[in-house]
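Enquirer:
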Amino acid sequence: MSSNGFQNSGYSNERPPSSTGSGEADLATDPASSSFFANDFKKHEDLKQMLDGNKDTVKLEAMKRIIGMVAKGKDASDLFPAVVKNVVSKNLEIKKLVYVYLTRYAEEQQDLALLSVSTFQRALKDPNQLIRASALRVLSSIRVPMIAPIMMLAIKEAVMDMSPYVRKTVAHAIPKLYSLDPEQKDQLIEIIEKLLGDKTTLVIGSAIQAFEEVCPERIDLIHKNYRKMCNLLVDVEEWGQVVLINMLTRYCRSQFASPNQDENAEEADRPFYEDSDEKGDDSPEKDEEEEKKKVYVMDPDHRLLLRQVKPLLNSRNAAVVMAVAQLYHHCAPKSEVGLVARSMIRLLRGHKEVQYVVLSNIATMSIKRKGMFEPYLKSFYVRSNDPTHVKLLKLEILTNLATETNISTILRELQTYVTSSDNEFAAATIQAIGRCASSIKEVTDTCLNGLVHLMSNRDETVVAESVVVIKKLLQMQPSEHKEIIIHMAKMIDKITVPMARASILWLIGEYSERVPKIAPDVLRKMAKTFISEEDIVKLQILNLAAKLCVTNTKQTVCKLLCQYVFNLAKYDQNYDIRDRSRFLRQLIFPGDKGGELSKKAKKIFLSTKPAPVLESTFKDRDAYQLGTLSHVLNCRATGYQELPEWPQTPPDPSVRNVEVTMPWTDSKPLKSKKAQKKKSFYSDSESSPEDDSDKSSEDSSDSSDDSDSSEDSSSESESEVEDSDLEAPDSDSEEDKPKIKSAQKKSKVASPVKSVSSSGEESSEEASSSEEESSSEESSDEKEKLKRKPPPKVKEKSSTKKASKESEPNLLLDLDDLGPSTMQNGGTPTVQGNDILTPMLASEMDNLGLGDATVTTNMMAPPVQVKTKSYELLNRMSGNGLALSYKFTRTISIFSPKMASIELSFVNNSDKPLKEIHIGDKKLQSGMEMQDFPEIANLGPGASTTVLTAVNFNDTTQPAKFELVVSEQKFNLSISAPVGELLVPHTMNEKGFLTQQAKLSGMNENTGTAKIAESNISPSGIYTCVMEVANVLQVPSSEENVYRFAAKTLSLGCLTLVSVKVLESQAKVTVNCEKMVIGSMLVKDIKGALEKGK
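The sequence shown begins at 3 in the working numbering and counts up by one.
Following this line, the structure appears as structure tokens:
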């Protein structure tokens, strides 16, 4: 029985009983089992059967399990044939997961993947943008040179796609194709150029990454998109921001003048200027040249970059903050670099890996900018749980920041670090104390005394490092520290670390004349242990013996000891020691002949030697760009691009004035030409105000399609307008311009106002050159104002009378609508017809007793008709004949006062009726709400209809995403609200306005300066510009040339105050709002409207 039990327990070929009941776990651990060595031919057999089934739910479950395996790192390549068959599945979820799988394994299973290329090509035309993007991603993952032409065709088609997500995938596919076939570079550069001109933030980051990998030398592709990239930088995804900022850093270094060139020039030319003053050279030409050299005016585009990256210092991504920090370090004026210190200190609270990179950059920056991080000294104190590499970096930074004022605090902190159990850290602390002592002479003696006390420490590493540091410090002041040398000589027997013993021997030999009795005795002890010493100690024993022979020529003991040591070294195993002994023997004991060198042996051995300079190990790392791998490793890494030097003379800034219109944006050149003709005709001074209003309404409809390009151009030019006010507009360079250009500029002033709907190049060029033209246009502007001022005054009076008479019945209607609910949300403009809005005047509201006090209303504009803007929501091509547009009615929503009322316009351009049109699933951000419109049962061919819906945007500019269901077809749509449509007019008087404006100052205040277009310079023009941008109500103003408007946000009711102060042709726009994002965006939009001509 016992034998049977033994056999059953160990050698039975049958499956043993499982503890879990299944038998699988125990079988896997049984080494005697035959299945342990057998191949599992039925691996993943259940998944294959599920994928071959007919039910989509089963296939979807199988694909989820497979993707889970891939995510865990398990090999699922044997399932490739079963998965690739489902690439033609009609189920959207299955198709997505299949594409994810194929992206992972297409490179490994190239032959099988090639069989599905035709399927991928068909999928590139799928209505769903995710499928199109996934197909392109899989196609670019097949690393076969044979399909490079197919990939190129797919990329060329996809770059024209309406979906930004697909265009983003194109940017990712470009580097893959370039690595596969570098000969396609020229065609890929053309595609990159199109992607760089894209106006969506989703694409721009990936486009820059493709640019960096394919053609980083083509800096000319960046010129025309530079301002747009700067303005969109805040909204780009985080990793796109990192790539974009690094590229803009190199662009800035190659295209702008150094902001610190004045300081460098003063330091370099200081002796020269002193000499010139002594000589009394008063030549005017040299004085002018010196003045030109001293005066530096920052390029507006340079300032634009620094201003746009500054908010990113608050980013949650450490890489973005570091990218901004390195940009400021390399490109900003020295006085502004300190802005990044607080944000970099914030990153030290992150992971240890992040701390190491940030501290490496701070260590480099702190060498040249001590004052930058000195206020945050305590942030660099070492913690007990810090790893060693972090401790060493913090120690390096503390040493760099040491000054005469804070040295006592730092030394007190370093004193506690010496007792650390980490030997490497303790040794580095002693070196740091030595550096502090060498750099600050006031504490040299204190540090030396402290290091001498450390020599009695129990830890051998601490003692050895102290000796080495003391040796370096004594070289600076050898005559004053005889007692320290004697003390170190007495400790020679206790110290066993070779480097420390060698340092003591060097000190005794170098300063043997100050210890004449101790030095020979030390040599005697060293001669006894010469054979057992390390090589570095043996070399110093030879040096000590030679120096004692030279200094003590009368003592025979020294000569005998020296010869004894030379004989021992003659037969040493190390050839360096043997060579040194032969050399020293011939120099000290020359023999009968006697060489010339032996006569000067004392000068050779005991010549004054320069004191060692204790420098930071990070001193030379500034040669590499901060934040790069090369900087962290302190050696050039593969793919590193050198940071270009600042140019002596910066290139022409006019290359950045070009605006590109992308192929997928709707452009209507016929309408723009028509608008130009109308504007040149109606801008005559003899035209009536009624004609002007008709003209503005017609032109606004014509220019609605091209609003995107005009808004971008205005946003790009705003930086230059702002900087032209802050900096000197009259520069010396303007005097040297040719007369032809000045004549052209004068003709521009006198010419009629240009069309808004024309290409954005003209507007951006005029805005960018505003700083240069300001001085040459002053005289012409004054003449123009003198000519034009008298007629408008008379006409404005007549027009106001007409407008007031016409608006009386409208005001009566408005009063009837002012119920309790209306007054809670503020007055709203009255709708006249379908498109035109007539805002009510706050002055008339005050006259009716709704205001707090009666004020002088001399800065009130007459009622102006403001046309609502329509936005395309669904194109008839992508909507299979259904065209859908929307506009904000600016009325109180019947669903909720917190919702923005939106009018949807449906047009059926197909030959078939469209049925059951309604809203499907909604994908809204938290806090947002959307009201469904009543279902449209039937929309016949050529028919159109309008419905009302409402959206609560929760006071954000995030889009409201939803599905539109049309006859079982689904379209993914999104409605975005301009920041001005998130407001509702609010009634208040001037006193209340000024009181609330004072409360909303500081961070809640956003300002900007704009150059007003000639057509907008009148009060009605400014009023129209503000009302077109934002749903606000005018507030009476007693100040001349100051226009005030008030509103509240729809959702939370935050007060929003807008004021426009006009000074000649310049306008200062100020927005006060608790919502800082709304305030900054509203300033930007109003500036663009004021700069844009009618």
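Glycine included, C-beta positions come from ideal geometry on N, C-alpha and C.
Would you call A939 buried or exposed, if buried means 16 or more other Cβ atoms sit within 10 Å of its Cβ?
Expert: By the neighbour-count rule (16 or more Cβ atoms within 10 Å), A939 is not buried but exposed.
Enquirer: Determine the DSSP secondary structure at P987, reduced to helix, strand or coil.
Expert: Reduced to three states, the DSSP call for P987 is strand.
Enquirer: What does a CB cutoff of less than 6 angstroms around M490 pick up in its chain, not counting 5 residues either side in sequence?
Expert: Once the five neighbours on either side are set aside, the close Cβ partners of M490 are I506.
Enquirer: Would you tell me roughly how many angstroms separate the C-alpha atoms of R790 and S1039, rounded to the nearest one?
Expert: Reliability fails at R790, whose pLDDT of 42 lies under 50, so the model's placement of it is uncertain and the value that follows must be treated cautiously. Computed Cα separation, rounded: 24 angstroms.
Enquirer: How far does the alpha helix (DSSP H) with Y358 in it extend, from its first residue to its last?
Expert: Counting along the chain, the alpha helix (DSSP H) containing Y358 begins and ends at 354–370.
Enquirer: Please look up how many angstroms separate the CB atoms of I896 and F964, rounded, as I've assumed it's under 8 angstroms.
Expert: In fact, because the Cβ distance is near 19 angstroms, the residues do not count as touching under 8 angstroms.
Enquirer: Between which two residues does the alpha helix (DSSP H) containing C232 stretch?
Expert: Taken as a continuous stretch (DSSP letters only), the alpha helix (DSSP H) holding C232 covers 228–234.
Enquirer: So Y330 and V322 are supposed to be a Cβ contact under 8 angstroms. How far apart are they, rounded?
Expert: The Cβ separation is near 13 angstroms, so there is no contact.
Enquirer: Helix, strand or coil: which one does DSSP assign to T1058?
Expert: Note: T1058 maps to strand in three-state DSSP.
Enquirer: According to the neighbour-count rule (16 or more other Cβ atoms, all chains shown, within 10 Å of its Cβ), is H455 buried or exposed?
Expert: Exposed is the call here.
Enquirer: From the DSSP secondary-structure annotation, give me the bridge partner or partners of V894.
Expert: The amino acid occupying residue 894 in the given sequence is Ile; Val does not appear at that position. I894 pairs with A902.
Enquirer: Rounded C-beta distance between T558 and S514? I'm assuming under 8 angstroms.
Expert: That pair is no contact at about 17 angstroms.
Enquirer: Give the straight-line distance between the Cα atoms of L416 and K196, rounded to the nearest whole angstrom.
Expert: Going from the Cα of L416 to the Cα of K196 covers about 57 angstroms.
Enquirer: Could you pull out every residue in the same chain whose Cβ sits closer than 6 angstroms to the Cβ of K396, ignoring the five residues on either side in sequence?
Expert: Only F382, V384 meet the Cβ criterion.
Enquirer: With a threshold of 8 angstroms, are at least 3 pairs of Cβ atoms found where one atom belongs to the region 1044–1062 and the other to the region 978–995?
Expert: Because the criterion of three Cβ pairs below 8 angstroms is met, the region 1044–1062 and the region 978–995 touch.
Enquirer: Please confirm if the region 1064–1075 is in contact with the region 1010–1029, defined as three or more CB-CB distances below 8 angstroms between the two stretches.
Expert: In short, these stretches touch, since the Cβ pair count reaches three.
Enquirer: Could you pull the start and end residues of the alpha helix (DSSP H) that S1010 belongs to?
Expert: Per the sequence shown, the amino acid found at residue 1010 is Gly instead of Ser. G1010 -> not in any alpha helix (DSSP H); beta strand (DSSP E) instead, spanning 1007–1013.
Enquirer: Provide the residue(s) that pair with I977 in DSSP beta bridges, ordered along the chain.
Expert: In DSSP, I977 forms a bridge with A962.
Enquirer: Check K196 in the structure and name its three-state DSSP category.
Expert: DSSP places K196 in helix when its eight states are reduced to three.
Enquirer: When the Cα of S208 is compared with those of I221, E219, I194, R220, which residue comes out closest?
Expert: Ranking I221, E219, I194, R220 by Cα distance to S208 puts I194 first.
Enquirer: If I176 and A212 are in contact, beta carbons under 8 angstroms, what's the gap, nearest whole angstrom?
Expert: Indeed they touch by this definition, with Cβ atoms about 4 angstroms apart.
Enquirer: Heavy atom of the ligand SAM less than 7 angstroms from the Cβ of Y101, yes or no?
Expert: For the structure depicted, the ligand SAM is absent and the ligand set is empty, with no information on it obtainable.
Enquirer: What residues in its chain sit with their C-beta under 6 angstroms from that of I435, if we drop five residues either side in the sequence?
Expert: Only L416, C449 meet the Cβ criterion.
Enquirer: For W648, which residues from the same chain have a beta carbon less than 8 angstroms from its beta carbon, with the 5 sequence-adjacent residues on both sides left out?
Expert: Correct list, in chain order: R255, F258, A259, S260, Q263.
Enquirer: In whole angstroms, give me the CA-to-CA distance for R229 and Y358.
Expert: The straight-line gap from Cα to Cα measures roughly 34 angstroms.
Enquirer: Tell me the DSSP secondary structure of I1080 in three-state form.
Expert: Helix at I1080.
Enquirer: Distance check for I510 and I487, CA to CA, integer angstroms please.
Expert: Distance between the alpha carbons of I487 and I510 is about 7 angstroms.
Enquirer: Excluding the 5 residues flanking L53 on each side, which residues of the same chain have their C-beta closer than 8 angstroms to its C-beta?
Expert: K61, A64, M65, L81, A84, V85, K87, N88, listed in sequence order.
Enquirer: Could you compute how far the alpha carbon of G1095 sits from the alpha carbon of V868?
Expert: If I take the Cα positions, the gap works out to 16 angstroms.
Enquirer: For V981, which of V326, S1003, K1086, K993 has the nearest alpha-carbon?
Expert: Ranking V326, S1003, K1086, K993 by Cα distance to V981 puts K1086 first.
Enquirer: Pick out whichever of I224, A365, K540 has its Cα sitting closest to the Cα of K393.
Expert: With distances taken between Cα atoms, K393 lies closest to A365.
Enquirer: I think S976 touches S946, with their Cβ atoms under 8 angstroms apart; what is that distance to the nearest whole Å?
Expert: Actually they do not touch by this definition, with Cβ atoms about 22 angstroms apart.
Enquirer: Between S386 and T418, what straight-line distance do the alpha-carbon atoms span, to the nearest angstrom?
Expert: Answer to the nearest angstrom: the Cα atoms are 11 angstroms apart.
Enquirer: Using the three-state DSSP reduction, which class does H920 fall into: helix, strand or coil?
Expert: The answer is strand: DSSP assigns H920 an E or B state.
Enquirer: Below 8 angstroms between beta carbons: does that hold for P915 and G942?
Expert: Going by C-beta atoms, P915 is nearer than 8 angstroms to G942.
Enquirer: In whole angstroms, what separates the C-alpha of I538 from that of Y577?
Expert: Roughly 13 angstroms separates the two Cα atoms.
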